[in-house]
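Quick notes on the structure that follows.
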Amino acid sequence: MGRLSVIEAVIHTIAWMYVRHADGGWEAITSRIFHKAFEASGMLGTVALVFILILPLSPIRHAFYETFLNVHIILALITFVCTYIHCVASVHPGGLPQLPWMMAIF
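In the UniProt record's numbering, the protein residues as written are 1 to 106.
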């Protein structure tokens, strides 16, 4: 289930980047990521999820378990906060429709 969520987030981010690139190139992508909370939180959340997917690989986890555990918890918190910001910072009045689900999870 966790891997599927990461894959969905990566596909979601790639799809957004494809459309934004077609509209204005890489400059449009970087401009939105660095100046808009909606896009910045989405990108940071996706990056955190990708790290959560990579870190549990057996050699890393077994060699540095305490570090792995602490980093995993921090990345999960970053992902949760970024997802919340992503839902709230939407242009839709009241945020994205997923916002009540985020509040229920918290």
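Heads up, the beta-carbon is just placed ideally off N, CA and C, and yes, glycines get one too.
Cβ neighbours of residue 87 within its own chain (closer than 7 Å, five residues either side excluded): 95, 96, 98, 99 and 102.
In terms of CA proximity to residue 12, 46 leads the group 72, 46 and 93.
Pairing residue 83 with residue 55, the inter-Cα distance amounts to about 20 Å. Under the three-state reduction of DSSP, residue 4 is assigned to helix. Beta-carbon to beta-carbon, residue 20 and residue 9 are separated by about 16 Å, too far to satisfy the 8 Å threshold. Taking every protein chain shown into account, the CB of residue 30 has fewer than 16 other CB atoms within 10 angstroms, so this residue is exposed.
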